[in-house]
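Just below is one structure, and these are the notes that go with it.
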Amino acid sequence: MIDSELKKLVYVYLVRYAEEQQDLALLSISTFQRALKDPNQLIRASALRVLSSIRVPIIVPIMMLAIKEAATDLSPYVRKTAAHAIQKLYSLDPDQKEHLIEVIEKLLKDKSTLVAGSVVMAFEEVCPDRIDLIHKNYRKLCNLLVDVEEWGQVVIIHMLTRYARTQFVSPWREDAVFDENSEKAFYDSEEERRVDQSKPYIMDPDHRLLLRNTKPLLQSRNTAVVMAVSQLYWHLAPKHELSIITKSLVRLLRSHREVQYIVLQNIATMSIQRKGMFEPFMKSFYVRSTDATHIKTLKLEILTNLANEASISTILREFQTYVKSQDKAFAAATIQAIGCCATNISEVTDTCLNGLVLLLSNRDETVVAESVVVIKKLLQTQPSQHSDIIKHMAKLFDNITVPMARASILWLMGEYCEHVPKIAPDVLRKMAKTFTDEEDIVKLQIVNLAAKLYLTNSKQTKLLTQYILNLGKYDQNYDIRDRTRFIRQLIVPNEKSGALSKYARRILMAPKPAPVLQSAFKDRDRFQLGTLSHTLNSQASGYLELSDWPAVAPDQSVRNVEVVEPVKEAGAPALSKSKPAKSNEKFYSDSEEEEEEEEEGSNSEDSSSSSEESVSESESKENSDDSNKSSSSQSEKSSSESDSEKKKKTLKNKKLQQQKPDSKDRKQKNGNAVKVESRSESESGSESSSSESSSESGSELDSDSDSGTDQKKNTKPKPVQSKPVIKVEKKEVSLLDLDDFSPAPVTTPKSSILSPNLLSDLQGLLISPTASALQASSPVFVPETSHELLHRMTGKGLSAQYRFTRQPCIYGNSMVSLQLTLSNSTDQALENIHISEKSSTGQNIHRFNAIERLEPQASVTVSMGVDFNDSTQAANFQLCTKEDEFSVSIQPAVGELLLPITMSEADFTKEQGKLVGMNESSATITMMPENVSSQSVNRKVVSVANLGVIPSGQENIYRFAGKTVSSGSLVLVSVALKDPDAVITINTEKTVMGSMLLRQVKTALTNSGP
Amino acid sequence: MIHSLFLISNAGDLFLEKHWKSVISRSVCDYFFEAREKAVEPDNVPPVIRTPHHYLINIYREKIFFVSVIQTEVPPLFVIEFLHRVAETFQDYFGECSETTIKDNVVIVYELLEEMLDNGFPLATESNILKELIRPPTILRSMVNTITGSSNVGETLPTGQLSTIPWRRAGVKYTSNEAYFDVVEEIDAILDKSGTAVFAEIQGVIDACVKLSGMPDLTLSFMNPRLLDDVSFHPCVRYKRWESERVISFIPPDGNFQLMSYHISAQNLVAIPVYVKQNISFFETGSSGRLDITVGPKQTMGKTLECLVVTVHMPKVVLSANLSATQGTYNYDPVTKILVWDIGKLNPQKLPNLKGSLSLQSGAPKPEENPSLNIDLKIQQLAISGLKVNRLDVYGEKYKPFKGVKYVTKAGKFQVRT
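In the order they appear, the protein sequences are chains A and B. Basically our numbering = 1-based index in the first sequence + 135. Basically our numbering = 1-based index in the second sequence + 17.
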């Protein structure tokens, strides 16, 4: 095998240069194709990853095939990779779009959190307009959201925002919209108003679901997620709920400079619409001298937006500090901001003006220039009262050198020359002297001033004007020459332009509208917040427009999914329904009680979705409390079952009945079990089935024969017993068997005696950290298959096979018990067969006593115990004879690391409720038709794993319970059938074991055959 | 999503490029260089730059620009957050994230970038998973590797990516099980000339170093959780438990990580642990100025102030400083115009003072604004908000771990205006 690091680097190289060296790249394809079939999911995934990254058009069909195959892979990780590959193939060959959409459609149905983010990404890239594909998956996506990895969350939230805007009606009621900013209502359309008036608004439960499920993500450490949720609330939530995003957004301001930049931009847009949101946090936007310039200006922008009558004095005081800043660009921006505040809040206009006038004597030119420009704008609004300011500016004129400021003052003089009739001509006189040295922009204003004065005060300025016009005529700049020529024609009456000069006064002295000082973020709300387009304030390629709310909500039923809740139609008490409801909440719901509280607390708006949940919740509660009910329904069910299935019924189903609470015949059963061992197999089989079919509800008799056959089944794979067996051990095993058997059904009968409340209290006590309090039971099924430990060829004639007995180990509580069959196929006796002392690898192994002598062709069965420590790591040890040592290893299947336990159905549900979130793994499979019968499900599950069958109150739901051998953690398996699919759910603290077990159960149930 | 990544040093050297889709010529960076030149200070480079065909989103960290090339609409924070995650991963792997370390470990860098993104979409960003895929370099290992020719790539295939707890490795084993928590609070404040707080708030983080075997399930509770106003958690924390019970329940990642960050509600008055008496003045004539700063303790809850540093960004016209400090050392860098006065531990009996004259560029007008002072300090064994950890419980594992909690208060963005 090549060095794996080298391999990785080769991949990096290959992908980088494949496009340039297509022929060479093609040589590698077959290797990857082979790896796509590898049993290891990680290898399959990385093969697909590299294959799909090779940008060579020739292999498009191969990629397509690989993607289709990987999309149905059992491993969610491979399916995730397939979702990534979709985008790669699409960018390589857009013609494949239709086929790819099919794959996307399939993957969207996937219930794994691993896949969700990636497939939505592919959806956004390939077919963002196919909103119809989302309908059926909408609720699932909402529910999975908290558990999806953070990058996937961002993509899903953005997609759901767009989706929601097309599917729900606006939650923004007219009266609630914009109390503060009434001039232009945001997105407030005619239709909406009509809808509002016609009937009170009720939020679609799916709309509420989205809002509720995204809310916890505001606490994410990932800033992109927080921003995504914030924009979702901004675009979708009723206005009065919007305030919850404020804190989180302000929190992001503590993050890196770049994050601040984006967040501040978004806050700036928001603060224009709704200043109330951020007012309490105004101080968080105070500028520090160490901030980067673009951060400073954004903060300034926000402070300006937030300013109102109450806060303006604080803000202005703060601004005063900023004006003195060493960063002159920032100081100039502050002056602009003061101007904005002055126009927006009329109370402070005078204060601001006076402040600005003071700044005119500032030493810094940029500050002065900016002040002049801002004053000019302010004065335009109310010139008459401020002639003294104009005079003051005229006085300062000589000291001001910045052209823009000089031009502004000249313009002011000309515009309001009637208010300062004495000063204006004097200014013009001075300008006439310096005209040739001025900047172009100033020259233009001199010409303007001259023209205006000529019209209002021609007596004093006629000659000056003509002089200036003459200077202008020969200026180097063509603009000035043009302007001069135009002005001359306009104001100086002559025969050619008689008509126009009559209107000269009206043209030049027309009242001019005051400029509106407004935020640069005013029109940014046309883009969805948090997007690149919003940041750039222009549409980026690939930007998807956020549509307006529909006037009338589209059909809600499109989102209904029948498949998700298979139990609904079953008619049985909806016990198992609590399970999907709980898995909705996933990670964050820790116990039923909590959830209930929340449900009760939730407001009436989300009635339908929450009521659905709470109903299931209360049902399950009821069910768990009221064991009578469940047991009665159970017996009903079992009778009907036996009706329909009649003689086809086999062992596993009966075992299920055996565990029913009617266990007064326990002792008898045990006695029976011993007896039955002696019977012949065929006999007992026929007998039991006939007795079954004849007596429909005679449970006593029934369970007798059941246990009989069952025990038979258990003992059947023990033909080894006929061979020489070490006697003592065998005896012990059988003793244990009995011991274990008796207390098994103890928990259930109790429940009928205790009052429901007390019972549930007790259950609560019992359950906590370990499951050791739960009763262990005997294995339901012991597989007869033996695994080879040592082949006779390698063992020089000694062969060894091992088998999991599935009994509690007598050597230690945390050990898995094994039966070893050693055979001697040589023609000499083997001596001193034992396990070497020194060898074992970490695991604690209880060795069998050394076998002194094994005769030729004889075999011996011994038992041993291995503590696998709840891991499937192989136990390695040395099997020794007198002469030789053989290294052997035992690799346990995950199902063998369990011990079955019994519990009541109510206990099971209760426990399952505690083991949700990360402790839960589930998968949906398609069942082979021959597997759907109850007995075959039971048989398949117990053959894979050593689990106890829990009596079930419902058809189509099968429950199994066990605990891990070493740590005693609970392992709960439930299979919910829904033709033709089945949902397997495994709840355990040992998540690794859980996922491995899930895989095996899945394989077992999807394979046909026994 | 993310098309390409370029790493550019502060000096303008493009020293690493990586493409996840087709190759984009590095000439696209010319637009970045243009913006960089215009901005003068590296901090002022706009994070998002538009070019005719692409968009450049960049971050500046540890004197390196991480410039990513984007072709289509994408949430900019998504990219920015990811780039920071890349920088953090480098830091995690190489101890520091600098041009030299990246160049020294270029193979690992490429391997990491390959694993972190697939087709521009983040794939594995959890440090626990990455470390299983690619082992971080150590001096010992790199020596052994050179001798034996073995590699840094993990031999075993990682399972973390497949589990429902992606942040934790399976099969963690330690001989001594330890869990340490550092409660670090930072005071952000702006004080005005007279020493009154214009703005003050407390932000805190809880950093954890958890080295526990197996799959422990931890619960951390506080004496006074009501203090916490706004919180954000590592993905491992169960948010529902926090909402209902105000305890932090989680299965921790292995090793170092930030468990949560929080904000103390604004109602609580912030204790300002230090006061500054300052007098900075520039004279109209003679091109000189005077500086006099005294620092003293205010509300320190009986603890000592440590690592006290005063930083002053002087106006451009200040050429040199001729000062004397009664405690600590001062240093004025005439290029960056930054005066740093490192005081160290504060002795309440004898308050440290820095006094002397400043010389200005002759002929230049005197600066009209006095520079503001940035204060850095540290108080051990104190969380200034009064937050206290109540207890830590371990479920799911049998051993008794060694537990420890440390409190530190620091100055965050602590500025005194003059």
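We put the beta carbon where it would ideally sit given N, CA and C, even for glycine. Note that this is a predicted model, so its numbers are computed, not measured.
query                                                                                                                                         : result
Exposure of asparagine 391 (chain B), with buried meaning 16 or more beta-carbon neighbours within 10 Å                                       : buried
Rounded C-alpha distance that separates phenylalanine 419 (chain B) from asparagine 194 (chain B)                                             : 6 angstroms
Cβ-Cβ separation, valine 261 (chain A) to lysine 241 (chain A) (assumed contact under 8 angstroms), whole Å                                   : About 13 angstroms separates the two Cβ atoms, so there is no contact after all.
Inter-stretch contact at 8 angstroms, needing at least 3 Cβ pairs: the segment 420 to 428 of chain B / the segment 395 to 411 of chain B      : yes
Those runs of the beta strand (DSSP E) which lie wholly inside the segment 597 to 633 of chain A and span at least 3 residues                 : none
Isoleucine 510 (chain A): first and last residue of the uninterrupted alpha helix (DSSP H) it sits in                                         : 500 to 516
Per-residue burial, alanine 655 (chain A) [other beta carbons within 10 Å of its own, 16 or more giving buried]                               : exposed
Pairwise C-alpha distance: phenylalanine 239 (chain B) and threonine 321 (chain B)                                                            : 25 angstroms
Within-7 angstroms CB hit, proline 386 (chain A) to chain B                                                                                   : A small fix is needed here, since residue 386 (chain A) is arginine in this sequence, not proline. Taking Cβ atoms only, chain B reaches closer than 7 angstroms to arginine 386 (chain A), which makes this a yes.
Chain-ordered chain A contacts of valine 65 (chain B) [CB-CB under 9 angstroms]                                                               : Glu393, Tyr396, Ile397, Leu667, Thr670, Leu671
Interface residues of chain B facing glutamate 500 (chain A) [CB-CB closer than 9 angstroms]                                                  : By Cβ distance, chain B contributes nothing, its closest Cβ being about 11 angstroms from glutamate 500 (chain A), past 9 angstroms.
Residues of its chain near valine 406 (chain B), where Cβ-Cβ distance is below 8 angstroms and the 5 sequence neighbours each way are ignored : Phe198, Val200, Leu237, Ser238, Phe239, Met240, Val422
Within 7 angstroms, strictly: CB atoms of leucine 1032 (chain A) and threonine 1123 (chain A)                                                 : no
Chain B residues whose Cβ lies nearer than 7 angstroms to that of arginine 93 (chain A)                                                       : Absent from the model: residue 93 (chain A). The displayed extent of chain A is 136 to 1145, so no value can be given.
Beta strand (DSSP E) runs contained entirely in the segment 354 to 386 of chain B, provided each spans 3 or more residues                     : 355 to 361, 370 to 377
Which residues DSSP lists as bridging alanine 1096 (chain A), in chain order                                                                  : A:Gly1083, A:Leu1107
Residues near glycine 403 (chain B) by beta carbon distance below 7 angstroms, same chain, minus five either side                             : Asn241, Leu244
The segment 541 to 562 of chain A: positions lying closer than 7 angstroms to chain B by Cβ                                                   : none
Rounded straight-line distance, which links the Cα of valine 361 (chain A) to that of glycine 665 (chain A)                                   : 10 angstroms
CA-to-CA distance, serine 934 (chain A) to alanine 993 (chain A), given in whole angstroms                                                    : 11 angstroms
Status (buried if at least 16 other CB within 10 Å, exposed otherwise) for leucine 200 (chain A)                                              : exposed
Three-way DSSP call (helix, strand, coil) for tyrosine 273 (chain A) in this model                                                            : helix
Nearest neighbour of methionine 318 (chain B), chosen from B:Cys324, B:Val291, B:Ser341, B:Gln295 [CA to CA]                                  : B:Val291
Beta-bridge partners of tyrosine 279 (chain B), as assigned by DSSP                                                                           : B:Gly221, B:Val248
contact_flag[the segment 193 to 208 of chain A, the segment 117 to 132 of chain B] where n(CB pairs < 8 angstroms) is 3 or more               : no
Expected contact under 8 angstroms - CB spacing of asparagine 348 (chain A) and asparagine 278 (chain A) to nearest Å                         : 7 angstroms
Buried versus exposed call for valine 687 (chain A) [16 or more other C-beta atoms within 10 Å across all chains shown]                       : exposed
Threonine 358 (chain A) in three-state terms, based on DSSP                                                                                   : helix
C-beta atoms of serine 481 (chain A) and leucine 491 (chain A) nearer than 7 angstroms                                                        : no
Simplified DSSP assignment, three categories, for serine 402 (chain B)                                                                        : coil
Simplified DSSP assignment, three categories, for serine 383 (chain A)                                                                        : helix
The beta strand (DSSP E) enclosing arginine 938 (chain A), as first and last residue numbers                                                  : 933 to 943
Valine 147 (chain A) at chain B interface by Cβ criterion, 7 angstroms                                                                        : yes
Paired residues, beta bridge with glutamate 966 (chain A) - DSSP                                                                              : A:Arg988
Interface residues of chain B facing proline 229 (chain A) [CB-CB closer than 7 angstroms]                                                    : Within chain B, no residue comes near proline 229 (chain A); the closest Cβ sits about 14 angstroms away, beyond 7 angstroms.
Nearest-angstrom Cα separation, counted from glutamine 1135 (chain A) out to asparagine 1142 (chain A)                                        : 11 angstroms
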